[in-house]
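Trainee: Those letters in the sequence shown? Residues 5 to 305, per my numbering, in order.
No residue lacks a Cβ here, since even glycine has one placed at the ideal position from N, Cα and C.
Predicted model, so just to flag it, every value in this text is computed and none were measured.
First the structure, which I've put down as structure tokens, then a few questions once you've had a look.
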Amino acid sequence: GFVVGPTGPDGKAKQGFLTVMGLSSELMTDFSSFTGPLDVAVLGSRIAERLGADVGDTITIAGDGDAELQMRVIGIMALSDQPDGSDQGFRMGAGGPDADTIYVPYAAMDRLWGDANDVLITLARVKKGYDVEEVADRVEEELNAGGADITAVTYSDISDAIGTMTSTVSAFLAGIAGIALLVGAVGVMNTMFTSVLERTREIGVMKAVGAKNSHILLIFLIESGMMGLVGGIVGTGLGLGLSAVASAFIGRFFSVRMAVVASPGLILITLAGSFLLGAIAGLWPARRAAKLPPVEALRYE
Numbered sequence: 005g006f007v008v009g010p011t012g013p014d015g016k017a018k019q020g021f022l023t024v025m026g027l028s029s030e031l032m033t034d035f036s037s038f039t040g041p042l043d044v045a046v047l048g049s050r051i052a053e054r055l056g057a058d059v060g061d062t063i064t065i066a067g068d069g070d071a072e073l074q075m076r077v078i079g080i081m082a083l084s085d086q087p088d089g090s091d092q093g094f095r096m097g098a099g100g101p102d103a104d105t106i107y108v109p110y111a112a113m114d115r116l117w118g119d120a121n122d123v124l125i126t127l128a129r130v131k132k133g134y135d136v137e138e139v140a141d142r143v144e145e146e147l148n149a150g151g152a153d154i155t156a157v158t159y160s161d162i163s164d165a166i167g168t169m170t171s172t173v174s175a176f177l178a179g180i181a182g183i184a185l186l187v188g189a190v191g192v193m194n195t196m197f198t199s200v201l202e203r204t205r206e207i208g209v210m211k212a213v214g215a216k217n218s219h220i221l222l223i224f225l226i227e228s229g230m231m232g233l234v235g236g237i238v239g240t241g242l243g244l245g246l247s248a249v250a251s252a253f254i255g256r257f258f259s260v261r262m263a264v265v266a267s268p269g270l271i272l273i274t275l276a277g278s279f280l281l282g283a284i285a286g287l288w289p290a291r292r293a294a295k296l297p298p299v300e301a302l303r304y305e
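Written out as structure tokens, the structure is:
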């Protein structure tokens with residue numbers, strides 16, 4: 005709908021095309037004013053900020069043709085107002101409050117845009133003692149038998165769909181991570197081979213003064229492990245940073261709160277794994293360095 009907000013500092017009305025959602029009084033329990041007059045509205049937090057509107061202010065919502073209503077703001081949805089748990093859909097409609105949406109009584113929607121021809125979503129609560137899946141199947145069967153084309157979806161169906169999607173995404177990300185680890189291991193191995201080649205004479209000197217093969221092997225294994233550890237630290241930092249950015253982006257544009265959880269134990273395991281992977285990748289070059297004959301190593305230029 006086309007919404008005109010309060011007058012700005014320049015004397016001009018703030019205008020914009022915004023989402024307007026009509027709610028029946030049965031779905032509205034937080035604001036008793038929804039059960040009475042038609043000229044009331046609840047604003048999403050970002051809508052209220054954009055319009056500069058506060059509780060008690062009046063906004064104009066224009067519908068089809070010349071239809072328009074003066075709506076009094078009776079509430080502003082904040083992020084803390086989002087319901088938790090399975091009751092969320094029954095208190096504020098499907099998906100919970102939207103920071104970019106204006107909520108008005110359903111009757112007001114009829115005044116602005118005429119009678120609704122289609123119902124997109126209907127929420128139903130199953131009484132205690134009844135099986136949710138059986139009720140959903142029966143409702144779908146009986147309504148479709150009358151010519152309707154509906155699909156009954158339960159929370160279990162949604163949970164299964166989310167689980168399947170999460171598993172698919174996890175498998176995809178695991179594949180990418182595996183390829184990245186393989187490429188990283190090859191990179192560490194090549195770097196260590198180059199290091200052994202450049203330090204051949206140094207290896208010969210160490211062996212000439214009494215260094216054992218195990219000493220040379222340990223030196224290069226620790227060096228390659230440290231390379232893997234540095235890569236793990238950089239990767240962990242980038243991952244946490246990108247996760248924070250993605251969380252803020254999703255929260256901003258989809259009105260969903262997502263927290264970035266960084267378990268210290270998991271981070272330590274990741275860093276230890278990075279060191280171990282680097283050491284394994286450097287094992288072959290380290291063994292080659294340890295087996296270099298001292299005489300040939302000293303003559304290497």
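Would Lys295 and Asn217 be called neighbours here (beta carbons separated by less than 8 Å)?
Mentor: Position 291 of the sequence shown holds residue 295. Position 213 of the sequence shown holds residue 217. Closer than 8 Å, so yes.
Trainee: How would you call Pro289, buried or exposed, if buried means at least 16 neighbouring beta carbons within 10 angstroms?
Mentor: As a first step, residue 289 is located in the sequence shown; it is residue number 285 there, counting from the start. Buried, since its Cβ has 16 or more Cβ neighbours within 10 Å.
Trainee: When you compare the CB positions of Ala45 and Met81, do they come within less than 8 Å of one another, or not?
Mentor: Residue numbering aside, residue 45 sits at position 41 when the sequence shown is read from its first letter. Residue numbering aside, residue 81 sits at position 77 when the sequence shown is read from its first letter. Not closer than 8 Å, so no.
Trainee: Determine, using beta-carbon pairs with one atom in the segment 194–211 and one in the segment 241–258, whether at least three such pairs fall under 8 Å.
Mentor: The segment 194–211 is not in contact with the segment 241–258.
Trainee: Name the residue from Ile78, Leu73, Asp68 and Asp70 whose alpha carbon lies nearest to the alpha carbon of Ala57.
Mentor: Within the sequence shown, the letter at position 53 stands for residue 57. Ranking Ile78, Leu73, Asp68 and Asp70 by Cα distance to Ala57 puts Ile78 first.
Trainee: What separation, rounded to the nearest whole angstrom, lies between the Cα atoms of Tyr110 and Ile237?
Mentor: Position 106 of the sequence shown, counted from the start, is the residue given in the question as residue 110. Position 233 of the sequence shown, counted from the start, is the residue given in the question as residue 237. Distance between the alpha carbons of Tyr110 and Ile237 is about 54 Å.
Trainee: Taking buried to mean at least 16 other C-beta atoms within 10 Å of its own C-beta, is Ser174 buried or exposed?
Mentor: In the sequence shown, residue 174 corresponds to position 170, counting from 1. Its Cβ having fewer than 16 others within 10 Å, Ser174 is exposed.
Trainee: Following the continuous alpha helix (DSSP H) through Arg50, name the residue where it begins and the one where it ends.
Mentor: For the purposes of this step, residue 50 is taken as the residue at position 46 of the sequence shown. Arg50 -> alpha helix (DSSP H) spans Ser49 to Leu55.
Trainee: By the DSSP assignment, the beta strand (DSSP E) with Ala66 in it spans what residues?
Mentor: If you number the sequence shown from 1, residue 66 lands on position 62. Start and end: Thr62 to Ala66.
Trainee: Just to check my reading of the structure: Glu227 and Gly286 have Cβ atoms closer than 8 Å, yes? What is that Cβ distance to the nearest angstrom?
Mentor: For the purposes of this step, residue 227 is taken as residue 223 along the sequence shown, with counting starting at 1. For the purposes of this step, residue 286 is taken as residue 282 along the sequence shown, with counting starting at 1. Right, the Cβ-Cβ distance comes to about 7 Å (below 8 Å), so this counts as a contact.
Trainee: For Ile80, report the span of its beta strand (DSSP E) as first-last.
Mentor: Stepping through the sequence shown from its first residue, residue 80 is reached at position 76. Its beta strand (DSSP E) spans residues Glu72 to Met81.
Trainee: Are the CB atoms of Leu302 and Gly208 within a distance shorter than 8 Å?
Mentor: Taking the sequence shown and counting its residues from 1, the one referred to as residue 208 is at position 204. Taking the sequence shown and counting its residues from 1, the one referred to as residue 302 is at position 298. In this structure, Leu302 lies closer than 8 Å to Gly208 by Cβ.
Trainee: Using C-beta distances below 6 Å, list every residue in its chain close to Ala52, excluding the 5 sequence neighbours before and after it, in chain order.
Mentor: Residue mapping note: residue 52 aligns to position 48 of the sequence shown, counting from 1. Closer than 6 Å at Cβ, skipping near neighbours: Ile80.
Trainee: Determine the direct distance from the alpha carbon of Tyr134 to that of Ala128, and round the result to whole angstroms.
Mentor: Numbered from its first residue, the sequence shown carries residue 128 at position 124. Numbered from its first residue, the sequence shown carries residue 134 at position 130. Spanning the two alpha carbons is a distance of roughly 13 Å.
Trainee: Check the Cβ-Cβ distances between Val108 and every residue of chain D, and say whether any is below 8 Å.
Mentor: The structure shown contains no chain D, having only a single protein chain.
Trainee: So within the segment 202–227, which uninterrupted beta strand (DSSP E) runs reach at least 3 residues, ignoring any that extend past its ends?
Mentor: Fully enclosed beta strand (DSSP E) runs of 3 or longer: not present.
Trainee: Tell me where the alpha helix (DSSP H) around Tyr110 begins and ends.
Mentor: Residue 110 sits at position 106 when you count from the first residue of the sequence shown. That run of the alpha helix (DSSP H) goes Tyr110 to Trp117.
Trainee: Is Gly277 near Met231, with beta carbons less than 8 Å apart?
Mentor: Along the sequence shown, read from residue 1 onward, the residue named residue 277 stands at position 273. Along the sequence shown, read from residue 1 onward, the residue named residue 231 stands at position 227. Not closer than 8 Å, so no.
Trainee: Taking all protein chains shown into account, decide if Ser90 is buried (16 or more other Cβ within 10 angstroms of its Cβ) or exposed.
Mentor: Translated into positions along the sequence shown, residue 90 becomes position 86. Confidence in Ser90 is poor, its pLDDT being 42 and thus under 50, which makes the residue's placement too unreliable to answer from.
Trainee: With DSSP as the reference, label Ala263 as helix, strand or coil.
Mentor: The residue given as residue 263 occupies position 259 in the sequence shown. DSSP places Ala263 in coil when its eight states are reduced to three.
Trainee: Quick one: is Lys131 buried, meaning 16 or more other Cβ sit within 10 Å of its Cβ, or exposed?
Mentor: Locating residue 131 in the sequence shown gives position 127, counting from the first residue. Per the 10 Å Cβ criterion, exposed.
Trainee: With a threshold of 8 Å on Cβ separation, who are the neighbours of Val157 within its own chain once the five nearest residues in sequence on each side are excluded?
Mentor: Here residue 157 is taken as the residue at index 153 of the sequence shown, counted from 1. The answer, listed in chain order, is Ala140.
Trainee: Taking only three categories from DSSP, how would you classify Val46?
Mentor: Along the sequence shown, read from residue 1 onward, the residue named residue 46 stands at position 42. Of the three classes helix, strand and coil, the one that applies to Val46 here is strand, per DSSP.
Trainee: Indicate the three-state DSSP secondary structure (helix, strand or coil) for Thr105 in the structure shown.
Mentor: One-based indexing of the sequence shown puts residue 105 at position 101. It is a strand residue.
Trainee: Tell me which same chain residues have a C-beta within less than 8 Å of the C-beta of Arg292, skipping the five on either side of it?
Mentor: Sequence index remark: in the sequence shown, residue 292 carries index 288 (1-based). Around Arg292: Phe197 and Val200.
Trainee: Whose C-beta lies closer than 7 Å to the C-beta of Gly118 among residues of the same chain, with five residues either side of it excluded?
Mentor: Taking the sequence shown and counting its residues from 1, one reaches residue 118 at position 114. Hits under 7 Å: Asp68.
Trainee: Beta carbon of Gly48: closer than 7 Å to some heavy atom of the ligand MN?
Mentor: This structure does not include the ligand MN; it has no bound ligands of any sort.
Trainee: Does DSSP classify Asp58 as helix, strand or coil?
Mentor: One-based indexing of the sequence shown puts residue 58 at position 54. Residue state, collapsed to three classes: coil.
Trainee: By the three-class DSSP mapping on this structure, what secondary structure does Arg292 have?
Mentor: Against the sequence shown, residue 292 aligns to sequence position 288. Looking at Arg292 - three-state DSSP - the assignment turns out to be helix.
Trainee: Give the straight-line distance between the Cα atoms of Ala149 and Asp164, rounded to the nearest whole angstrom.
Mentor: For the purposes of this step, residue 149 is identified with residue 145 of the sequence shown, where counting begins at 1. For the purposes of this step, residue 164 is identified with residue 160 of the sequence shown, where counting begins at 1. If you take the alpha carbons of Ala149 and Asp164, they lie about 27 Å apart.
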